[in-house]
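Protein chains: 2
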Amino acid sequence: MGIEIERKFLVDPTKLPELDPGAHILQVYLSEKPQVRIRLYSRVRHYALSREAVMTIKGEGLLTRAEFEWPIPVDDAVKIIEEELWLYYIVKTRYNIGRFELDRFEETHKGLWMAEIELEHEDESFDSPVWLTEEVTNDARYTNVTLARDGLPSGG
Amino acid sequence: MGIEIERKFLVDPTKLPELDPGAHILQVYLSEKPQVRIRLYSRVRHYALSREAVMTIKGEGLLTRAEFEWPIPVDDAVKIIEEELWLYYIVKTRYNIGRFELDRFEETHKGLWMAEIELEHEDESFDSPVWLTEEVTNDARYTNVTLARDGLPSGG
Numbered sequence: 002m003g004i005e006i007e008r009k010f011l012v013d014p015t016k017l018p019e020l021d022p023g024a025h026i027l028q029v030y031l032s033e034k035p036q037v038r039i040r041l042y043s044r045v046r047h048y049a050l051s052r053e054a055v056m057t058i059k060g061e062g063l064l065t066r067a068e069f070e071w072p073i074p075v076d077d078a079v080k081i082i083e084e085e086l087w088l089y090y091i092v093k094t095r096y097n098i099g100r101f102e103l104d105r106f107e108e109t110h111k112g113l114w115m116a117e118i119e120l121e122h123e124d125e126s127f128d129s130p131v132w133l134t135e136e137v138t139n140d141a142r143y144t145n146v147t148l149a150r151d152g153l154p155s156g157g
Numbered sequence: 002m003g004i005e006i007e008r009k010f011l012v013d014p015t016k017l018p019e020l021d022p023g024a025h026i027l028q029v030y031l032s033e034k035p036q037v038r039i040r041l042y043s044r045v046r047h048y049a050l051s052r053e054a055v056m057t058i059k060g061e062g063l064l065t066r067a068e069f070e071w072p073i074p075v076d077d078a079v080k081i082i083e084e085e086l087w088l089y090y091i092v093k094t095r096y097n098i099g100r101f102e103l104d105r106f107e108e109t110h111k112g113l114w115m116a117e118i119e120l121e122h123e124d125e126s127f128d129s130p131v132w133l134t135e136e137v138t139n140d141a142r143y144t145n146v147t148l149a150r151d152g153l154p155s156g157g
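Protein sequences appear in the order of chains A and B.
Position 120 of the first sequence, counted from 1, bears residue number 121 in this note's numbering, the numbering being contiguous throughout.
Position 130 of the second sequence, counted from 1, bears residue number 131 in this note's numbering, the numbering being contiguous throughout.
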């Protein structure tokens, strides 16, 4: 288990550098409080598809929260997804740019890009790339689980 | 993953044979629908304490239901329990008698004993020991998650 400290930003995709292929992520939420999430990663590298499944349990909090994470069998994750043993889902592609994880959301969240940086301390400073726009760390509408449940913030 | 077929019975503890020490089980429910459960087993054998933690995800159904199960790190399970990232809990001691799993419930469920037998098919026959009493397979009040949430059935 760890304590996760993350800051989160909206992104101007027109200012991004060229991106690697990224990892396709399908994540489902089995519970919201506590948060129970299964994430299925699919990556194509050198013409081979690799898949990986991870279960995550998170406590409450926006900037800082307890997090527990374990790998689980991919076949089980696929069956849990297929049998719809979950409440909400999100589909996105994840890219790594330096210390940032950049997510391009898909399907009903198409058009949304967000970047996260994990910090050691809440007041740690970091270089802010030109493609970062508004910080949304403390805006609960932009947590993935709320996006999955409620869709894109309107008017935001 | 598997499909779990189980029949469940109340028990007359005065008719039980002598029992082995059993395994102490603390189980917490992180979610009810789908059911997300973490079970922490503690066993004392030959003066050594061994612990084991298992996460289980179950679909709906009483006699037959989909079930997914994986071991998880004991330290994580203990922290999730301590940080109260769950909704309800149950404490019981589990004994194995032949093909039956026998549970003696503790704390607020003290006095309740139940036995379960796992079957290959819904219509499979089995030897019924003298200490089995009423079958409660299809009585939702006797699922562990309902007992954890609502306590002992009243007037039963």
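We put the CB at the ideal spot given by N, CA and C, even for glycine.
None of the values given here were measured: they were computed from a predicted structure.
#1: Determine whether the beta carbon atoms of leucine 86 of chain A and isoleucine 58 of chain B lie at a separation below 8 Å.
#2: In the structure shown, what three-state DSSP assignment does glutamate 102 of chain B receive?
#3: Where DSSP assigns a beta bridge to proline 74 of chain A, which residues make up the other side?
#4: When burial is assigned at 16 or more other CB atoms within 10 Å of the CB, is glycine 157 of chain B buried or exposed?
#5: DSSP on leucine 86 of chain A, reduced to helix/strand/coil?
#6: Quick check: what's the CA-CA separation for valine 29 of chain B versus methionine 56 of chain B?
#7: If the cut is a Cβ gap below 7 Å, which residues of chain B does serine 32 of chain A touch?
#8: Roughly how many angstroms separate the alpha carbons of arginine 52 of chain B and arginine 44 of chain B, rounded to a whole number?
#9: Roughly how many angstroms separate the alpha carbons of glycine 152 of chain B and proline 14 of chain A, rounded to a whole number?
#10: One question on the structure: do leucine 63 of chain A and glutamate 123 of chain A come within less than 8 Å of each other, judged by their Cβ atoms?
#11: Can you pull the chain B residues whose beta carbon is under 7 Å from the beta carbon of glycine 60 of chain A, in chain order?
#12: Using three-state DSSP, classify tyrosine 48 of chain A as helix, strand or coil.
#13: Where does histidine 110 of chain B sit, in a helix, a strand or coil, going by DSSP?
#14: What residues from chain B crowd round phenylalanine 127 of chain A, counting only those whose CB sits closer than 8 Å?
#15: Counting only beta-carbon separations shorter than 8 Å, does glycine 157 of chain B have a partner in chain A?
#16: Give me the chain B residues within the contact set of alanine 67 of chain A, using Cβ-Cβ distance strictly less than 9 Å, ordered along the chain.
#17: In three-state DSSP terms, what is leucine 64 of chain A?
#18: At 7 Å on the CB atoms, spell out the chain A contacts of isoleucine 6 of chain B, in chain order.
#19: Is DSSP giving leucine 153 of chain B helix, strand or coil here?
#20: Which residues in the same chain have their Cβ closer than 6 Å to the Cβ of arginine 8 of chain A, if we skip the five residues on either side of it in sequence?
#21: What does isoleucine 73 of chain B reach in chain A if we use C-beta pairs closer than 7 Å?
Reading off the structure:
#1: Locating residue 86 of chain A in the first sequence gives position 85, where the first residue counts as 1. Locating residue 58 of chain B in the second sequence gives position 57, where the first residue counts as 1. It is a contact, given that the beta carbons lie within the stated cut-off.
#2: Counted from its first residue, the second sequence places residue 102 of chain B at position 101. Glutamate 102 of chain B: strand per DSSP, three-state reduction.
#3: Numbered from its first residue, the first sequence carries residue 74 of chain A at position 73. Answer is none; proline 74 of chain A lacks a bridge partner.
#4: Residue numbering aside, residue 157 of chain B sits at position 156 when the second sequence is read from its first letter. Per-residue confidence for glycine 157 of chain B stands at a pLDDT of 47, beneath the threshold of 50, marking its modelled position as unreliable; no derived number is given.
#5: Your numbering for residue 86 of chain A matches position 85 in the first sequence. Coil.
#6: Taking the second sequence and counting its residues from 1, one reaches residue 29 of chain B at position 28. Taking the second sequence and counting its residues from 1, one reaches residue 56 of chain B at position 55. The straight-line gap from Cα to Cα measures roughly 10 Å.
#7: Here residue 32 of chain A corresponds to residue number 31 of the first sequence, with the count starting at 1. Leu31, Ser32, Val37, listed in chain order.
#8: The count along the second sequence starts at 1 and reaches residue 52 of chain B at position 51. The count along the second sequence starts at 1 and reaches residue 44 of chain B at position 43. Answer to the nearest angstrom: the Cα atoms are 6 Å apart.
#9: In the second sequence, counting from the first residue as 1, residue 152 of chain B sits at position 151. In the first sequence, counting from the first residue as 1, residue 14 of chain A sits at position 13. So the two alpha carbons sit approximately 53 Å from each other.
#10: On the first sequence, position 62 is the one that residue 63 of chain A refers to. On the first sequence, position 122 is the one that residue 123 of chain A refers to. For leucine 63 of chain A and glutamate 123 of chain A, no; Cβs fall outside 8 Å.
#11: Taking the first sequence and counting its residues from 1, the one referred to as residue 60 of chain A is at position 59. Those are Glu84, Leu86, listed as they occur along chain B.
#12: Locating residue 48 of chain A in the first sequence gives position 47, counting from the first residue. Three-state DSSP puts tyrosine 48 of chain A in coil, outside helix and strand.
#13: Along the second sequence, one-based indexing puts residue 110 of chain B at 109. In this structure, histidine 110 of chain B counts as helix in the three-state DSSP scheme.
#14: Locating residue 127 of chain A in the first sequence gives position 126, where the first residue counts as 1. None at all; the shortest Cβ gap to chain B is about 28 Å.
#15: For the purposes of this step, residue 157 of chain B is taken as the residue at position 156 of the second sequence. No answer about glycine 157 of chain B holds up, because its pLDDT of 47 lies below 50 and its placement is not dependable.
#16: Position 66 of the first sequence, counted from the first residue, corresponds to residue 67 of chain A. Here the neighbours are Lys80, Ile81, Glu84, Leu86.
#17: Mapped onto the first sequence, residue 64 of chain A falls at position 63. Coil at leucine 64 of chain A, not helix or strand.
#18: To locate residue 6 of chain B, count along the second sequence from 1; it is residue 5. Correct list: empty, because the minimum Cβ distance to chain A is about 17 Å.
#19: Reading the second sequence from its first residue, position 152 is the one you call residue 153 of chain B. Coil.
#20: Working through the first sequence from its first residue, we reach residue 8 of chain A at position 7. The residues are Ile118, Thr138.
#21: Numbered from its first residue, the second sequence carries residue 73 of chain B at position 72. Going along chain A in sequence order, the residues near isoleucine 73 of chain B (Cβ under 7 Å) are Trp71.
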